[in-house]
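Novice: First, the structure itself, so that you have it in front of you.
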Amino acid sequence: MFNYTIRRLIFTIPTLLFISFVIFFILDTAPNDPTGNLPLTIPPEVREKIRISLGLDKPMFFRYLLWCQQFFVNEPLNMIEQWFNITIGDGDRLRVQSWATRSPVVDLVVERMPQTLWVVGMSYVVGIIIAIPIGVISAYKQYSWFDQIGTFISMLGFSVPTFFTGLLMIVIFSVNLHWFPSIYDTTHKVTDWGSFVFQVKQMIMPVMVLAFFNAAQLSRFMRASMLDNLQQDYVRTARAKGLKERVVVLTHVLRNSLIPVVTVIALGVPQVFGGAIITEQIFKVNGLGQLLIIGIQGADIPLVQTLTFIFAVLIVLFNLIADILYGLLDPRIRYD
Amino acid sequence: MKITNLLMTAAGASLLASTAMAGSHEARGRDGHVNLIYWQAASIMNPYLSGGTKDTNAASMVVEPLARYDENGNMVAYLAEEIPTVANGGVSEDLTTITWKLKAGLKWSDGSAVTASDVVFTGGYCMDPDGGCQQIGQFSDVTNIEALDDVTVKITFGVPKPFPYGPFVGQETPILQEAQFADCTGVAAPTCTDANFGPIGTGPFVVTDFRANDTISLEANDNYRDATKPAFASVTFKGGGDAAAAARSVLETGEFDYAWNLQIAPEILVQMESKGMGTVLSSFGPLVERIMVNMTDPSASLGDERSTVAHAHPFLSDINVRKALSLAIDRPLLVEVGYGKAGKPTCNVLPAPAIYNSTANDACQVQDIAAANALLDGAGWARGSDGVRAKDGVRLSILYQTSTNAVRQDFQALIKQWWGEIGVETELKNIDGAVFFGGDQSSPDTFQKLFADVEMYANNFSGTDPEAYMGNWACSNIPSPENAWLGMNMPRHCSAEYDGLVAEMAETADIATRAELAMAMNDILMQNYVIIPLVHRGNVSASANTLDGVALNAWDSELWNIADWSRK
């Protein structure tokens, strides 16, 4: 298992380098221009100077290598410096800079992380908490009214897009009832009971919209997996031994059914970091997803490159984690 | 809790102020907090490194120029004592120098004095060739900026400047503090993140927290020159979402007090406004949505000579065709469909300021399909069996491009239908804005290359002087491969008469004569139908009914007078 993990980890390095190059190549060949969104009152000669000041006159391969140096060498060194409060070398290194904000991309990402993790992460947790009981009951009472309604609701959750449910909630709860704010305040700090209540109020709509979507997916996985296991011989054996139905379902069947579900959950974690682009935009949560969208619209190539690459790293890592978890949870599976 | 704190601060401030001078109803910070929403979030607070309106507007609360334009387009002295003119001796007789005097006793928000050397430094900061300054256009022809004494600055131009108010007037070119930006010139400019996010200014507010592309928190500047202003103790400048959501937050939920740039369907705005929580405001600058007619041949078969003056357009070079295209358009309907309160039909490419607005072309306000048909019949363009007109084997078939935008696509569909009624076939194309307005040399879809027969977009000019804007249609500004497609003369219009007027305007200082020249240029373009104006577009913003003092300004930052805003 350990050897397997090491082997996989080493193999991720060329994979990620290749991915970073592909991302850079695609972004670079896209007919997008960082000065495209500026007002037309800025004359074309000035635009040309701006492009040169951004380094766009250099050949593409050179710019790629520069990004690699900034991202793989300068940024980690800078992070070490900040963590341990030391200076390595002269401490004056060029970091990956966003073109639109002229600030280090990594700082922007760090600034966006809390709201994304709180809102999108919370929705994932809430989604799991909702999905697992629904999946279990639906499977145990297959074709009952509960199962039928559950199937219908998860079909709705899966097929109705979040930009619809999101707007619907805003119209009902913000515009008509005035219960919750329609705009998320990212600067809000929880210091006491009142501010905690406010935080809950502003999180409730985006979290529920996303949780509904996540739960719809997961509950189907849970149900299918439970149904598979309920048919197994060991379940009949357990019942024949006179175990209580509760123990049969919750201890034996549930634990075995969770194995594939855990994998699915692990594979979904990178999406949490990726932010929920549409939901963040609708509720103005301004997390990582919104950062990415603004970057794409403004042709802020270093920002988009860095963000997409970080997502790629997370996806590769969580794939590995899912594989390892599978091996740990199910002793029948061995990789070596 | 936050609000209570703010109220406490405000109360404290008012107590202090009342002992010193005015009553508490006039004290700084008396009205607590104000929330602004700009759905395009601000990325940076340094206007020299970003030309985006959202960024210059945000920065205008903090850093200020020597003079601004008010809501009527008149110049108002801000950091300057008065506006220099030839009459008061501030502008030299030969129009090559302008001398500004700063107000006495001005202080930066950190308490230090504002001096002429800050102004000189700011000029040098932008004119540094390695700095990538986005406002360098405002400094064109400047040869020298010097401080005559602590409060006097003299700007010298290489050529006579009849309108010498480019540098340091308006939101694009505010004064930066030399002490803060001294190490941030040239290639170092983008690396000074802290300074670019939180410039020290003279404006009514100072930045306390800047989250790029998200939220800016500001509080009142203790050293602001008017002790009774601003009325608000703090500001939240929130970004993100879309125009409809921003409008909703002011007009329907009341979470925000002011929302910027609400380009959404007019009927939706009216419906939101009917809730009675806020008001939709509009103001008109020189922005005109127009169709640019390509006078050169865009066929792909011409290779490198595509859309260059080497080949005249096969049918758009016939003025009858261009005139018929314009006659067939129902401009009032376009306004109703696309802009509502935020638009007016126009027959000029230069409809504002009012003194430059020509009345010679007003007939275009009325659609006349019959006249357009008659014109084409008379010019020998006969309808074929498919209803499309042709002459000598040339069919009137047009490729009509614009940027991707719901209103523009509606316009395209309507105009395609009207042109169909006069026997002109139209193919529509829309291109993402960042590509269309971007200058990527490898892309065939930029608005400058104009590899199409006609294209539609909106343009305007900053400030109130149209000289540079009207100069766009001189022969020398035709985009071509030789000048890397730089240049804004999209129709590739070239006439000696027009160039003569451009040269004359560059030497004329008298405002009435300048207006006549600008109108004459406008009339040449209109009467040759090389530009077909459609809609004079305004800015649309929404303000909560509890907010007082908002004066929507199309000539400067919308937040130009935020120091005067208060709660009713």
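Chains as they are written, first to last, in the working numbering: chain U, 518 to 853; chain D, 350 to 917. Idealized CB from N, CA, C, for every residue including glycine.
Closer than 9 Å, Cβ to any Cβ of chain U: which residues of the region 456-489 of chain D, in chain order?
Specialist: P478, D479, G480, G481, C482, Q483, Q484, I485, G486, S489
Novice: Where does G711 of chain U sit, in a helix, a strand or coil, going by DSSP?
Specialist: Helix.
Novice: Does the region 816-835 of chain U come into contact with the region 609-624 of chain U, if we say contact requires no fewer than three beta-carbon pairs (one atom in each stretch) closer than 8 Å?
Specialist: yes
Novice: Whole angstroms is fine: what's the gap from R916 of chain D's alpha carbon to L618 of chain D's?
Specialist: 23 Å
Novice: How is Y701 of chain U classed by DSSP in three states: helix, strand or coil?
Specialist: Here Y701 of chain U sits in coil by DSSP.
Novice: Check the Cβ of T604 of chain U against every Cβ in chain D and list those closer than 9 Å, keeping chain order.
Specialist: What T604 of chain U touches in chain D: nothing, since even the nearest Cβ is about 17 Å away.
Novice: Out of D:A709, D:V899, D:M394, which one is the CA nearest neighbour of I565 of chain D?
Specialist: D:M394
Novice: Compare the C-beta of Q807 of chain U against all C-beta atoms of chain D and say whether one is closer than 9 Å.
Specialist: yes
Novice: Is the distance from the Cβ of G519 of chain D to the Cβ of S489 of chain D below 9 Å?
Specialist: Contact flag unset, no.
Novice: In terms of residues, what are the limits of the alpha helix (DSSP H) holding P545 of chain D?
Specialist: In the sequence as displayed, the identity of residue 545 of chain D is Asn instead of Pro. Element bounds for N545 of chain D: 542-546.
Novice: Using the Cα positions of D664 of chain U and S632 of chain D, report the straight-line distance between them to the nearest angstrom.
Specialist: 58 Å
Novice: Which residues in the same chain as V604 of chain D place their Cβ atom closer than 8 Å to its Cβ, once the five residues preceding and following it in sequence are excluded?
Specialist: Note that residue 604 of chain D is Glu in the sequence shown, not Val. Excluding positions up to five away in sequence, the list reads N384, S598.
Novice: Between the Cα of V698 of chain D and those of D:N423, D:L896, D:G787, D:L636, spot the shortest distance and give me the residue it belongs to.
Specialist: D:L636
Novice: For V508 of chain D, which of D:I447, D:V468, D:P553 has the nearest alpha-carbon?
Specialist: With distances taken between Cα atoms, V508 of chain D lies closest to D:I447.
Novice: When Cβ atoms are compared, which residues of the region 735-754 of chain D fall closer than 9 Å to chain U?
Specialist: In summary, no residue of the region 735-754 of chain D has a CB separated from any CB of chain U by less than 9 Å.
Novice: Does any C-beta atom of chain D lie closer than 9 Å to the C-beta of L594 of chain U?
Specialist: no
Novice: Give the interface partners of N545 of chain D over in chain U, defined as CB-CB distance under 9 Å, in chain order.
Specialist: T618, R619, S620
Novice: So which residues of chain U does T862 of chain D contact, with C-beta pairs closer than 7 Å?
Specialist: Ordered by position in chain U, no residue passes the 7 Å Cβ test against T862 of chain D, which lies about 24 Å from the chain.
Novice: Compare the C-alpha of N572 of chain D against each of D:V555, D:N562, D:F586 and name the closest.
Specialist: D:V555
Novice: Going by beta carbon distance, what residues of the same chain come within less than 6 Å of N910 of chain D, once the five residues before and after it are set aside?
Specialist: Within the same chain, A900 come within 6 Å of N910 of chain D by CB-CB distance, once the 5 residues on both sides are set aside.
Novice: Mind pulling the alpha helix (DSSP H) runs of 4 or more residues that sit fully within the region 401-434 of chain D?
Specialist: 402-408
Novice: Identify the contact partners of V784 of chain D in chain U, using a Cβ-Cβ distance below 8 Å as the criterion.
Specialist: P548, N549, D550, G553
Novice: Taking C-alpha atoms, which residue in U:P576, U:V623, U:V643 lies nearest to F541 of chain U?
Specialist: U:P576
Novice: I'd like to know whether the C-beta of H769 of chain U is nearer than 9 Å to at least one C-beta of chain D.
Specialist: no
Novice: In the structure shown, what three-state DSSP assignment does W662 of chain U receive?
Specialist: helix
Novice: Among D:D872, D:D759, D:F785, D:E568, which residue has its Cα nearest to the Cα of M410 of chain D?
Specialist: D:E568
Novice: With a CB to CB cut of under 6 Å and the five nearest residues on each side skipped, what residues in its chain are close to T529 of chain U?
Specialist: V833
Novice: If you draw a straight line from the alpha carbon of R680 of chain D to that of P694 of chain D, how long is it in whole angstroms?
Specialist: Roughly 5 Å separates the two Cα atoms.
Novice: Taking only runs that begin and end inside the region 610-693 of chain U, name each unbroken alpha helix (DSSP H) of 4 or more residues, in chain order.
Specialist: Qualifying alpha helix (DSSP H) stretches, in chain order: 622-633, 639-657, 662-676, 679-686.
Novice: Using the C-alpha atoms, what's the distance from V500 of chain D back to V563 of chain U?
Specialist: 31 Å
Novice: Any beta-carbon of chain U closer than 9 Å to the one on L977 of chain D?
Specialist: Examination of residue 977 of chain D is not possible in this model, given that chain D is present from 350 through 917 alone.
Novice: Please name the residue or residues paired with N888 of chain D in a DSSP beta bridge.
Specialist: D:S632
Novice: Just checking, does the region 417-428 of chain D make contact with the region 470-485 of chain D on the three C-beta pairs under 8 Å criterion?
Specialist: no
Novice: Please list the partners that P862 of chain U has in chain D, where partner means a Cβ-to-Cβ separation under 7 Å.
Specialist: The structure shown does not extend to residue 862 of chain U, since chain U is modelled only from 518 through 853, so no value can be given for it.
Novice: Strictly below 8 Å CB to CB, what residues from chain D border Q599 of chain U?
Specialist: None at all; the shortest Cβ gap to chain D is about 14 Å.
Novice: How many angstroms separate the CA atom of S373 of chain D from the CA atom of D380 of chain D?
Specialist: Residue confidence is low: S373 of chain D scores 49 on pLDDT, short of 50, so the model does not pin down where it sits. No coordinate-derived value is stated.
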